[in-house]
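Undergrad:
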Amino acid sequence: MTSSNAGLAKKFGYTNVRGYLAGEPAWSKAGHPLYASQEFIQKGNIVLIDLRDDGSAVEGRIPRSVHVNYDQLEERIDDIPRNAPVVLYSDDDEEALDALDDLRYEGFKNVSLVKGNYQGWVASGGEIEKGPIFSTEIRWVRKLGKGEVSVAEFRKAVNGELPDTYVIDARTPDEIAELGIFTNTVNIPLDEIPKRMADIPKDKRIFVHCSTGARADLAYRELVKNGYDVKFLLLDISDPECDCPIIMP
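Have a look at this one:
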C-alpha cells in the first residue's frame with residue numbers, strides 16, 4: 001500500500017504494515033498483473049471477458065462473461081468501454097497475460113485477471129454456467145456505488161458551479177507538484193485527514209478524490225465516521241472523462 005494508506009491502516013490498529021510507495025499505478029505501469037477478487041468477479045460492475053475458444057466456453061464459463069476469443073481481441077477493442085473495469089481469463093497463463101498487456105498498451109487502465117484463469121476459478125469453488133452462447137455483445141453501464149459522486153457532479157464542483165461544496169484532493173504534495181491540482185480544490189493528503197478535521201467544514205458537502213479512487217474511498221470512510229456529508233470520486237483522474245481544469249503549482 002502507499003504511505004498514506006499505511007498511515008491510516010496503523011491508525012485503525014494494524015501493526016504489521018509495509019508501504020509500497022509507488023502504489024498500484026506504478027505496479028501496473030511496470031507490467032505486473034493485478035488479480036480480481038472473487039466477489040468483484042461475481043458482483044462488480046465489470047466487463048468480464050472469456051478469451052478461450054468457442055468450445056471451451058460452451059463447456060463451461062464464468063457467469064456474466066462475454067466470449068471474445070483472444071485472436072479476435074484486437075478487432076473488438078473498440079467494443080470495450082474505456083472506463084469500465086475489465087477482468088480477463090483464459091485456459092492459458094501466457095495468453096491471459098498477453099491480453100492484459102494488449103489492453104494496457106491500448107490505454108485501458110483498469111484491467112485485471114482471474115487468478116488461476118478458468119481452472120483456478122473452478123478449483124476455488126466459483127460458480128459456472130454451460131451451454132450455447134447466444135450473444136457476444138459487450139454491454140456495460142457505469143453504476144455509482146455507495147458514497148460515489150458522479151463525474152458530472154464532481155466536474156461542476158471543481159468548476160465552481162456547486163455552492164457549499166468543499167473538494168479535497170487526497171494525493172501527496174509530490175503528486176500535485178508533478179501533475180497539478182484541480183481548481184477550487186484543497187490538498188489534504190489521506191494520512192493527514194484524521195488530524196486536520198478542524199480544517200474541513202461540516203456545514204458543506206465534501207467531495208474527495210485522489211489519483212484512482214482508492215485513497216478517496218478510505219478518506220470517505222474516515223469522514224463519514226466523523227459525521228461529514230461526503231462523497232468520493234472513483235475514477236482515474238487521467239481518464240479523458242475527467243476533463244477538469246488543472247492548475248500547476
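Each residue of the sequence shown is one higher than the one before, counting from 1 in this note's numbering.
Don't be surprised by glycine CBs; every beta carbon is placed ideally from N, CA and C.
With I255 as the anchor, note down where its beta strand (DSSP E) starts and where it stops.
TA: Since the displayed the chain opens at 1 and closes at 249, residue 255 lies outside it and no answer follows.
Undergrad: Is it buried or exposed, F134, if we count other Cβ atoms within 10 angstroms and call 16 or more buried?
TA: Numbered from 1 along the sequence shown, position 134 holds the residue referred to as residue 134. F134 is exposed by the Cβ-count criterion.
Undergrad: Could you tell me the distance, in whole angstroms, from the CA atom of R196 to the CA atom of K204?
TA: Translated into the one-based positions of the sequence shown, residue 196 becomes position 196. Translated into the one-based positions of the sequence shown, residue 204 becomes position 204. When rounded, the distance between both Cα atoms is 16 Å.
Undergrad: Can you tell me the Cα-Cα spacing of G55 and V114, whole angstroms?
TA: For the purposes of this step, residue 55 is taken as the residue at position 55 of the sequence shown. For the purposes of this step, residue 114 is taken as the residue at position 114 of the sequence shown. So the two alpha carbons sit approximately 20 Å from each other.
Undergrad: For A219, which of T212, F232, S211 and G227 has the nearest alpha-carbon?
TA: Here residue 219 refers to the residue found at position 219 when the sequence shown is read from its first residue. Residue F232 is the option with its Cα nearest to A219.
Undergrad: Rounded to the nearest angstrom, what separates L234 and G147 at their Cα positions?
TA: On the sequence shown, residue 234 is found 234 positions in, with the first residue counted as 1. On the sequence shown, residue 147 is found 147 positions in, with the first residue counted as 1. Straight-line Cα distance between these residues: approximately 10 Å.
Undergrad: Is it true that the CB of V158 sits closer than 8 Å to the CB of N187?
TA: What you label residue 187 is simply residue 187 of the sequence shown in a count that begins at 1. What you label residue 158 is simply residue 158 of the sequence shown in a count that begins at 1. For N187 and V158, no; Cβs fall outside 8 Å.
Undergrad: Determine the direct distance from the alpha carbon of D98 to that of G145, and round the result to whole angstroms.
TA: Reading the sequence shown from its first residue, position 145 is the one you call residue 145. Reading the sequence shown from its first residue, position 98 is the one you call residue 98. Approximately 31 Å between the Cα atoms of the pair.
Undergrad: Skipping 5 residues on each side, what residues in its chain have a beta carbon closer than 7 Å to that of D53?
TA: Within the sequence shown, the letter at position 53 stands for residue 53. Taken in chain order, the residues that qualify are N69.
Undergrad: Please determine, among D174, Y89, K156 and M248, the residue with the shortest C-alpha to C-alpha distance to I41.
TA: Indexing the sequence shown from 1 puts residue 41 at position 41. Minimum Cα distance to I41 is reached at Y89.
Undergrad: Identify whether Y89 lies in helix, strand or coil by the three-state DSSP scheme.
TA: Indexing the sequence shown from 1 puts residue 89 at position 89. Of the three classes helix, strand and coil, the one that applies to Y89 here is strand, per DSSP.
Undergrad: Helix or strand or just coil, what does DSSP make of I138?
TA: Reading the sequence shown from its first residue, position 138 is the one you call residue 138. I138: coil per DSSP, three-state reduction.
Undergrad: Between which two residues does the alpha helix (DSSP H) holding N187 run?
TA: Here residue 187 refers to the residue found at position 187 when the sequence shown is read from its first residue. First-last for N187: T185 to N187, but that is the beta strand (DSSP E), not the alpha helix (DSSP H).
Undergrad: If Y166 and P189 are in contact, beta carbons under 8 Å, what's the gap, nearest whole angstrom?
TA: Along the sequence shown, read from residue 1 onward, the residue named residue 166 stands at position 166. Along the sequence shown, read from residue 1 onward, the residue named residue 189 stands at position 189. So it is not a contact: roughly 16 Å between Cβ atoms.
Undergrad: Need the endpoints of the beta strand (DSSP E) that K115 sits in, please.
TA: Counted from its first residue, the sequence shown places residue 115 at position 115. No beta strand (DSSP E) holds K115; DSSP gives it neither H nor E.
Undergrad: Tell me whether the beta-carbon of S124 lies closer than 8 Å to the beta-carbon of R171.
TA: To locate residue 124, count along the sequence shown from 1; it is residue 124. To locate residue 171, count along the sequence shown from 1; it is residue 171. Not a contact, by the Cβ cut-off of 8 Å.
Undergrad: E129 and P63 look like a contact to me (Cβ under 8 Å); what is the Cβ gap, rounded to whole Å?
TA: Taking the sequence shown and counting its residues from 1, one reaches residue 129 at position 129. Taking the sequence shown and counting its residues from 1, one reaches residue 63 at position 63. At roughly 5 Å, the Cβ-Cβ gap stays under 8 Å, so E129 and P63 are in contact.
Undergrad: From the DSSP output, read off the bridge partner residues of Y35.
TA: Position 35 of the sequence shown, counting from 1, holds the residue named residue 35. Note: Y35 sits in a beta bridge opposite L113.
Undergrad: For Y105, which of helix, strand or coil comes out of DSSP?
TA: By one-based count along the sequence shown, residue 105 stands at place 105. It is helical.
Undergrad: Below 6 Å CB to CB, which residues in the same chain sit around L48 once its five sequence neighbours on both sides are set aside?
TA: On the sequence shown, residue 48 is found 48 positions in, with the first residue counted as 1. Counting only Cβ-Cβ distances below 6 Å, and skipping sequence neighbours, we find R64, S65 and V87.
Undergrad: Is the CB-CB distance between N83 and D239 below 8 Å?
TA: Position 83 of the sequence shown, counted from the start, is the residue given in the question as residue 83. Position 239 of the sequence shown, counted from the start, is the residue given in the question as residue 239. In contact: N83 and D239 (Cβ atoms closer than 8 Å).
Undergrad: Could you pull the DSSP bridge partners for R61 from this structure?
TA: Looking up residue 61 in the sequence shown gives position 61. Bridge partners of R61: E129.
Undergrad: Hey, I77 and G180 are a contact pair by Cβ (cut 8 Å); roughly how many whole angstroms apart?
TA: Your numbering for residue 77 matches position 77 in the sequence shown. Your numbering for residue 180 matches position 180 in the sequence shown. With 8 Å as the limit, I77 and G180 do not qualify as a contact, their Cβ atoms being about 30 Å apart.
Undergrad: Let me check understanding here. Comparing Cα to Cα, which of P81, A36 and P33 lies closest to E241?
TA: Position 241 of the sequence shown, counted from the first residue, corresponds to residue 241. Checked all of P81, A36 and P33; the closest Cα to E241 is P81.
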